[in-house]
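Heads up, the thing below is written out as structure tokens.
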Amino acid sequence: MRKHKAEIKAAVDKVLSAHNVKYLKMLTKRENSKADIKIPRYMRVNLIRSSPDDVIKHLQDEGWDFVGKLDLENAIRTWNGLPEPARKTNDLAQIGSLINMFKEQALSLREDQFALDPLLFDVLVFPVGTILFNHALTLSGTLVQQDKASCIPAHVLKPPSGSVVLDCCAAPGNKTSHLASLMKDDGKVIALDQSLSRMQTMSHLLEKIDSKCVELINQDFLTVQPDAEDAQKIEFILVDPTCSSSGMLGVQQGKDNYSTDQARLETLSRFQITILKHALKFPNAKRIVYSTCSIHKEENEQVVEQVMSHVSHHFKFKKVFPELKNCRGLDGFPHSKYFLRLSTENDLTQGFFVACFQRRKKVLEQIVKAIKTAEHCNKNKKIITETTDLQESAANNEFLTSDSKLKKKKKKEKPLVSVVPSHDMNVELKKSDVNSDTKKKKYKKPQSLISGEQTLTDEENKKKCDNFSEDKLEGFTATLKRKHKRSLDSAETKSDGLVCEELVQKKKKRKKEKLVSLED
Ligand SMILES: C[S@@+](CC[C@H](N)C(=O)[O-])C[C@H]1O[C@@H](n2cnc3c(N)ncnc32)[C@H](O)[C@@H]1O
Numbered sequence: 001m002r003k004h005k006a007e008i009k010a011a012v013d014k015v016l017s018a019h020n021v022k023y024l025k026m027l028t029k030r031e032n033s034k035a036d037i038k039i040p041r042y043m044r045v046n047l048i049r050s051s052p053d054d055v056i057k058h059l060q061d062e063g064w065d066f067v068g069k070l071d072l073e074n075a076i077r078t079w080n081g082l083p084e085p086a087r088k089t090n091d092l093a094q095i096g097s098l099i100n101m102f103k104e105q106a107l108s109l110r111e112d113q114f115a116l117d118p119l120l121f122d123v124l125v126f127p128v129g130t131i132l133f134n135h136a137l138t139l140s141g142t143l144v145q146q147d148k149a150s151c152i153p154a155h156v157l158k159p160p161s162g163s164v165v166l167d168c169c170a171a172p173g174n175k176t177s178h179l180a181s182l183m184k185d186d187g188k189v190i191a192l193d194q195s196l197s198r199m200q201t202m203s204h205l206l207e208k209i210d211s212k213c214v215e216l217i218n219q220d221f222l223t224v225q226p227d228a229e230d231a232q233k234i235e236f237i238l239v240d241p242t243c244s245s246s247g248m249l250g251v252q253q254g255k256d257n258y259s260t261d262q263a264r265l266e267t268l269s270r271f272q273i274t275i276l277k278h279a280l281k282f283p284n285a286k287r288i289v290y291s292t293c294s295i296h297k298e299e300n301e302q303v304v305e306q307v308m309s310h311v312s313h314h315f316k317f318k319k320v321f322p323e324l325k326n327c328r329g330l331d332g333f334p335h336s337k338y339f340l341r342l343s344t345e346n347d348l349t350q351g352f353f354v355a356c357f358q359r360r361k362k363v364l365e366q367i368v369k370a371i372k373t374a375e376h377c378n379k380n381k382k383i384i385t386e387t388t389d390l391q392e393s394a395a396n397n398e399f400l401t402s403d404s405k406l407k408k409k410k411k412k413e414k415p416l417v418s419v420v421p422s423h424d425m426n427v428e429l430k431k432s433d434v435n436s437d438t439k440k441k442k443y444k445k446p447q448s449l450i451s452g453e454q455t456l457t458d459e460e461n462k463k464k465c466d467n468f469s470e471d472k473l474e475g476f477t478a479t480l481k482r483k484h485k486r487s488l489d490s491a492e493t494k495s496d497g498l499v500c501e502e503l504v505q506k507k508k509k510r511k512k513e514k515l516v517s518l519e520d
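Throughout the sequence shown, residue numbering follows UniProt numbering, covering 1 to 520 in sequence.
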């Protein structure tokens, strides 16, 4: 047998190739596999170059038949257009099945037809197998081929134009370029990745879509210092870390080989938790989206639930596309209804998972601000002369995550330093030789008093300080508590309330001690 191994292999290969079978395992897996499932071709309109309306018009001028948005209305139209007997659409069960008609409609598009996706305004749906990679609109970067599921994270993160966004596992740049598109290239997207070769691919993509707002950084995200000056400007973070890729159609069909054994899933899960926790340490990040193209709970629900258990004082889950009632997270997890899970069978996309962390309202920050104001005023009155440990806590973001103050950082953190100033294709990407200064940034005294972000003049400041008293601090915190009573009362924010209470008590105690010592 060994003697004829090569001949046998050649003969088997010949038979397989005659039956269009690429790998032997495709035959053995076929019965249980999703080999027959097809996904429409999704194309995203790059809003930097054009608009969905203009692209639709362009395609119609080329002879394509635009069938509209694949939504309920369209489904009803199609439904009513069906031959007799006419169907009534006023009972819920029928409307439910009409919603499912997205699948039918998408899969029954004729080869010259296309549609607008019902969920994502910038995604067009073409028939399965449509080849558009060499279409003029694709070549010019006006259309970008991207699976619908992979377009969801940027829509959930939803950074407005002008904002500062971090994509911490960015390469090869599909979601980065989508973020730049949704922001109309206005603002800043910091695209960070540790893989140099994947960043080169991203650099080409960004060149093609004509984005100027993306800054490329080749660095290990875990070495980025969350409280460095630049990092403090970050308001939105996308965390799309390495995963098992088990949701990719090729992997589901057994064509692409990825190992998803338990040991690998556990390793991936640990890595994903570390990356996500790090992202949640950025002090001014108000929304953080976590996504994977994995179908395994170990990389999805388990990761976000575990991380949330550490940061629930400061973050809550925001429901991802609540209108998609049949696409929630797996049962058995406390926050399943907040997560989005898309599957190839039900949603005609790659298998995908998305969760969104939203920073809680600023009750705690307001209390801390009020306390600092009192200290600032008292300092003017020469009552308090030292910086209190409360200020230091605020400066060191001790309130940010419970584990951040407990655990020693394993990697040496550095400020964000752009080593790739633009995504010019000629720029050679280099490993970051960043400043190794890891000293904590000195706490900067707030310029404004308690009146929000408003900056007061010296005179106004003095007046405010003169009028400020111990009673006022208590009055102010009481007002804050009244103002936020509803949220403090709710189970979700009880912990915030406790922390506020604790801070106020701590502050009162410290003041008493200082006053006593002054009197002495
Ligand atoms: C799933 S891919 C990201 C896909 C990308 N978001 C997109 O839509 O095109 C995961 C990326 O994370 C990067 N990565 C893994 N560990 C990292 C780390 N510690 N710091 C930065 N990037 C990392 C990998 O190099 C890889 O490019």
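Glycine residues also receive a C-beta, built at the ideal position from the N, C-alpha and C atoms.
Proximity test, residue i beta-carbon vs ligand 1 heavy atom, cut-off 6 Å
i: Glu264; result: In the sequence on display, residue 264 carries Arg and not Glu. Every heavy atom of ligand 1 is 6 Å or more from the Cβ of Arg264, so no.
i: Ser195; result: yes
i: Ala154; result: no
i: Leu222; result: yes
i: Arg328; result: no
i: Arg198; result: yes
i: Thr242; result: yes
i: Pro226; result: no
i: Pro159; result: no
i: Ala171; result: yes
i: Lys208; result: no
i: Asn46; result: no
i: Lys175; result: yes
Same chain only: Cβ atoms within 8 Å of residue i, ignoring 5 sequence neighbours per side
i: Gln225; result: Ala231, Glu413, Lys414, Pro415, Leu416, Thr438
i: Lys69; result: Ala115, Leu116, Asp117, Pro118
i: Arg359; result: Ala285, Lys286, Arg287, His314, Phe315
i: Asp183; result: The amino acid at residue 183 is misidentified as Asp; the sequence shows Met. Here the set comprises Pro159, Pro160, Ser161, Gly162, Ser163, Val165, Val189, Cys213.
i: Ile209; result: Asn46, Ile48, Arg49, Gly141, Val144, Ser177, Ala180, Ser181
i: Arg110; result: Asp65, Pro127
Residue i, enclosing alpha helix (DSSP H) - first and last residue
i: Lys57; result: 52-61
i: Thr176; result: 174-182
i: Leu206; result: 196-209
i: Met101; result: 101-107
i: Lys277; result: 262-279
i: Ile131; result: Per DSSP, Ile131 belongs to no alpha helix (DSSP H) and is neither H nor E.
i: Gly247; result: Per DSSP, Gly247 belongs to no alpha helix (DSSP H) and is neither H nor E.
i: Ala170; result: Taken as a continuous stretch (DSSP letters only), Ala170 belongs to no alpha helix (DSSP H), as it is neither H nor E.
i: Ala154; result: 152-157
i: Val307; result: 301-311
i: Asp122; result: That residue, Asp122, is in no alpha helix (DSSP H); it is neither H nor E in DSSP.
i: Glu345; result: 344-347
Buried/exposed call for residue i, threshold 16 Cβ in 10 Å
i: Phe133; result: exposed
i: Ile8; result: exposed
i: His155; result: buried
i: Thr142; result: buried
i: Lys507; result: buried
i: Gln262; result: exposed
i: Pro153; result: buried
i: Leu139; result: exposed
i: Phe126; result: buried
i: Thr201; result: exposed
i: Ile131; result: exposed
i: Ala6; result: exposed
i: Asn326; result: exposed
i: Leu473; result: Because the pLDDT at Leu473 is just 47, under 50, the model does not fix this residue reliably, and the value given afterwards should be weighed accordingly. The residue in question, Leu473, is buried, as its Cβ has 16 or more Cβ neighbours within 10 Å.
Cβ shell of residue i (< 6 Å), same chain only, five flanking positions each side left out
i: Lys512; result: none
i: Asp65; result: Asp112, Gln113
i: Lys297; result: Leu330
i: Lys509; result: none
i: Leu276; result: Val239, Tyr290, Val307
i: His335; result: Phe317
i: Asp13; result: none
i: Lys319; result: Tyr338
i: Val123; result: Tyr42, Arg44, Asp117, Lys148, Cys151
Continuous beta strand (DSSP E) stretch holding residue i: start and end
i: Ala285; result: Segment: none, Ala285 is in no beta strand (DSSP E) and carries neither H nor E.
i: Ile217; result: 214-218
i: Ile190; result: 188-193
i: Asp71; result: From DSSP, Asp71 is part of no beta strand (DSSP E); its letter is neither H nor E.
i: Arg360; result: Where Arg360 is concerned, there is no enclosing beta strand (DSSP E), given that its DSSP letter is neither H nor E.
i: Tyr338; result: It is not in any beta strand (DSSP E) - Tyr338 carries neither H nor E in the DSSP assignment.
Own chain residues within Cβ distance below 7 Å of residue i, not counting five before or after
i: Leu205; result: Pro172, Gly173, Ser177
i: Glu305; result: Phe333, Pro334, His335
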